[in-house]
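Here's the structure, in structure tokens; my notes come after.
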């Protein structure tokens with residue numbers, strides 16, 4: 001059924017756009033242009049984070065971090081290899097994207113590690129970054145119970161993810 | 167600021183750890199490989215950003231956002247309580263519907279505006295709930311992850327869609343549930 005997801009979805013979008021006589025081609029090109037801007041913003045950020053990640057791996061620190069986080073990850077039924085992703089997910093989108101890419105390249109997208117890492121990444125947000133952006137315009141910077149509740153939610157999602165691919 | 171520290175710690179800790187364990191000469195090649203990797207990963211990501219941003223721009227013109235906004239109304243009333251300012255409610259629901267569709271570029275300005283309006287009317291609880299909803303992510307299709315999976319040669323890139331939806335639903339429910347609990351506990355004090 002999932003095989004049909006994208007064909008059906010795209011047919012639905014394009015079909016209803018045609019019914020409304022929308023200029024689909026022009027809209028697509030305009031949107032793709034903003035996609036290009038996103039790519040250009042992401043590239044230097046990824047360069048910074050992937051350089052740091054490769055360095056962490058080469059120095060042996062990444063392996064050390066994985067061993068240190070082993071107990072927490074075991075509690076969540078997550079493979080130890082996902083430690084860099086789990087550790088950086090709430091702080092930086094580029095860093096966790098870089099960590100996901102490393103895991104997919106090393107273990108394969110359809111392995112247990114690849115599947116778990118994909119769901120970890122897709123189901124969570126960069127909590128601290130998001131909060132920084134949203135609070136940036138406010139005079140009162142108190143975040144009250146927002147951070148503990150968000151972190152607890154993220155851990156619950158990670159735990160569910162661990163159960164799915166146990 | 168936060169990113170400065172994370173990056174700084176990642177690099178300095180690795181350099182020191184590497185020197186102590188005798189891996190000093192591996193540092194420069196690793197850093198340069200990483201930067202080179204960024205180019206190839208960005209190319210992979212570009213395929214997804216170009217295609218999905220293009221399609222999303224069409225979706226954005228279909229009033230799908232409006233439909234989702236209407237569907238969200240009862241849930242928002244439960245989570246945020248009754249809002250004095252109708253504009254704040256509008257900004258919150260626009261922010262959430264854009265997030266659900268994965269329209270990150272549209273979601274952020276609405277979210278900042280919503281936070282400003284909720285702050286202006288002194289409704290801290292609604293503000294915290296908005297933050298929790300955004301920080302626990304509610305996206306229907308994880309397009310960036312799907313792009314990387316396709317690029318990594320996955321035979322079943324879509325296999326993660328349902329588990330991702332389930333995991334994100336659980337994280338949002340737990341986050342919001344705890345938020346409502348905190349709100350009840352602090353009633354009258356805040």
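Protein chains in written order, with this note's numbering: chain A, 1 to 166; chain B, 167 to 356.
Virtual Cβ for every residue (Gly too), placed ideally from N, Cα, C.
For residue i, collect the residues of the same chain with a Cβ closer than 7 Å to its Cβ; drop the 5 residues on either side in sequence, then sort them by chain order.
i: residue 266 of chain B; result: 234, 304, 305, 306
i: residue 210 of chain B; result: 313, 314, 317
i: residue 292 of chain B; result: 246, 247, 249, 284
i: residue 238 of chain B; result: 259, 262, 263
Are there 16 or more other CB atoms within 10 angstroms of the CB of residue i, so buried, or fewer, so exposed?
i: residue 243 of chain B; result: exposed
i: residue 107 of chain A; result: buried
i: residue 352 of chain B; result: exposed
i: residue 182 of chain B; result: exposed
i: residue 261 of chain B; result: buried
i: residue 89 of chain A; result: buried
i: residue 174 of chain B; result: exposed
Which one of the options has the shortest CA to CA distance from residue i?
i: residue 331 of chain B; options: B/317, B/308, B/258, B/342; result: B/308
i: residue 122 of chain A; options: A/157, A/18, A/76; result: A/157
i: residue 71 of chain A; options: A/57, A/61, A/58, A/86; result: A/86
i: residue 15 of chain A; options: B/227, B/335, B/326, B/197; result: B/227
i: residue 40 of chain A; options: B/281, B/216, B/252; result: B/216
i: residue 59 of chain A; options: B/178, B/319, B/297, B/220; result: B/178
i: residue 35 of chain A; options: B/208, B/195, B/200, B/196; result: B/208
i: residue 334 of chain B; options: A/109, A/100, A/166, A/118; result: A/118
i: residue 136 of chain A; options: B/287, B/328, B/322, B/280; result: B/280
i: residue 147 of chain A; options: B/348, B/289, B/196; result: B/348
Excluding the 5 residues flanking residue i on each side, which residues of the same chain have their C-beta closer than 6 Å to its C-beta?
i: residue 249 of chain B; result: 255
i: residue 341 of chain B; result: 298, 302
i: residue 273 of chain B; result: 261, 264, 265
i: residue 337 of chain B; result: 302
Hey, is residue i close to the ligand MG, as in C-beta under 6 Å from one of its heavy atoms?
i: residue 51 of chain A; result: The ligand MG is absent from the structure shown, which contains no ligand whatsoever.
So if I threshold CB-CB distances at 7 Å, which residues from the stretch 285-297 of chain B count as touching chain D? Looking at the structure shown, chain D is missing, and the protein chains on hand are A and B.
Taking a Cβ distance cut-off of 8 Å, strictly less, list which residues of the stretch 227-239 of chain B are near chain A, in chain order. 227, 228
Give the residues from the stretch 44-57 of chain A that approach chain B closer than 9 Å (Cβ to any Cβ), ordered along the chain. 44, 45, 46, 47, 48, 49, 50, 51, 52, 53, 54, 55, 56, 57
Can you list, in chain order, the residues of the stretch 319-335 of chain B whose Cβ is nearer than 9 Å to any Cβ on chain A? 319, 320, 321, 322, 323, 324, 325, 326, 327, 328, 329, 330, 331, 332, 333, 334, 335
Got a sec: which bits of the stretch 116-128 of chain A sit with their beta carbon under 7 Å from any beta carbon on chain B, in order along the chain? 118, 119, 121, 122, 123, 124, 125, 127, 128
Under 9 Å, CB to CB, which of the residues in the stretch 141-153 of chain A have a partner in chain B? 142, 143, 144, 145, 146, 147, 148, 149, 150, 151, 152, 153
Can you give me, in chain order, the residues of the stretch 83-105 of chain A that have a beta carbon less than 8 Å from any beta carbon in chain B? 88, 91, 92, 95, 97, 98, 100, 101, 104, 105
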